[in-house]
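To start, the structure itself, in structure tokens.
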Amino acid sequence: MTVGVDIEEISRFKDKSQHFYDKIFTKKEQEYCRSYKYPESHYAVRFCAKEAVIKAISALDMTPPFMSEIEVLKEKEYPEIKLPKKNGYEKLKIDVSLSHDKTKAIAFVCVNV
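Residue numbers for the sequence shown, in the numbering used here: 1 to 113.
As structure tokens, then:
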């Protein structure tokens, strides 16, 4: 098992260009974030999750996916990480915890092979 964690200032994700969002977030993620009054909180916490996934996968001596290939969705009661089905990612079990307040967002990820 490996872990990854990341914390970010939410203000970094406010009023960015569409190009910025397209480079990092999937269309589903963007739709989800924009459905909230303060989308920057949701963008920030997803960015943290992606960074945490990259750190945890790198600790397994695997090449991590690009940020845009990591999808952080909340289709159930809890958030989930979806990765492309390539490079051995399909064997990984990923647990994620997300949190944010008014100024900071944080994500913690555990990756099991």
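Yeah, the Cβ is synthetic: ideal placement off N, Cα and C, and Gly gets one too. The structure displayed is predicted, hence computed values, not measured ones.
Spell out the partners DSSP gives residue i in its beta bridges.
| i | result |
| --- | --- |
| Ile81 | Val72 |
| Glu9 | Lys104 |
| Leu120 | In the structure as shown, the chain starts at 1 and stops at 113, and residue 120 therefore has no counterpart that could be examined. |
Looking at C-alpha atoms only, which residue of the options is the closest neighbour of residue i?
| i | options | result |
| --- | --- | --- |
| Ile10 | Val72, Val45, Cys33 and Glu29 | Val45 |
| Asp6 | His42, Lys28 and Phe47 | Phe47 |
| Val113 | Lys85, Lys86 and Ile57 | Ile57 |
| Ser17 | Met62, Met1, Tyr43 and Ser35 | Tyr43 |
| Val111 | Gly88, His100, Ser68 and Ala105 | Gly88 |
| Phe108 | Lys50, Asp101 and Glu75 | Lys50 |
| Tyr32 | Lys74, Ala59, Ser97 and Asp61 | Lys74 |
| Asp101 | Leu92, Lys93, Tyr38 and Thr2 | Tyr38 |
| Met67 | Met1, Thr2, Lys76 and Ala52 | Ala52 |
| Glu77 | Met62, Ser97, Gln30 and Leu92 | Ser97 |
I'd like the span of the beta strand (DSSP E) that includes residue i, first residue to last.
| i | result |
| --- | --- |
| Lys104 | Lys104 to Asn112 |
What are the boundary residues of the alpha helix (DSSP H) that residue i is part of?
| i | result |
| --- | --- |
| Tyr43 | Pro39 to Ser58 |
| Glu90 | Element bounds for Glu90: n/a, residue is neither H nor E. |
Could you pull out every residue in the same chain whose Cβ sits closer than 6 Å to the Cβ of residue i, ignoring the five residues on either side in sequence?
| i | result |
| --- | --- |
| Glu40 | Ile10, Phe13 and Lys14 |
| Ile54 | Pro64 |
| Glu90 | none |
| Asp95 | Cys110 |
Quick one: what's got a C-beta closer than 8 Å to residue i's C-beta in the same chain, skipping five residues either side?
| i | result |
| --- | --- |
| Thr103 | Glu9, Ile10 and Ser11 |
| Glu69 | Leu83 and Pro84 |
| Lys28 | Glu71 and Leu73 |
Take residue i and list the residues in its own chain whose beta-carbon comes closer than 7 Å to its own, dropping the five residues that flank it on each side.
| i | result |
| --- | --- |
| Thr2 | Ala56, Ala59, Leu60 and Val111 |
| task | Indicate whether the contact test is met: 3 or more Cβ pairs, each with one atom in the stretch 82-92 and one in the stretch 11-23, closer than 8 Å. | result | no
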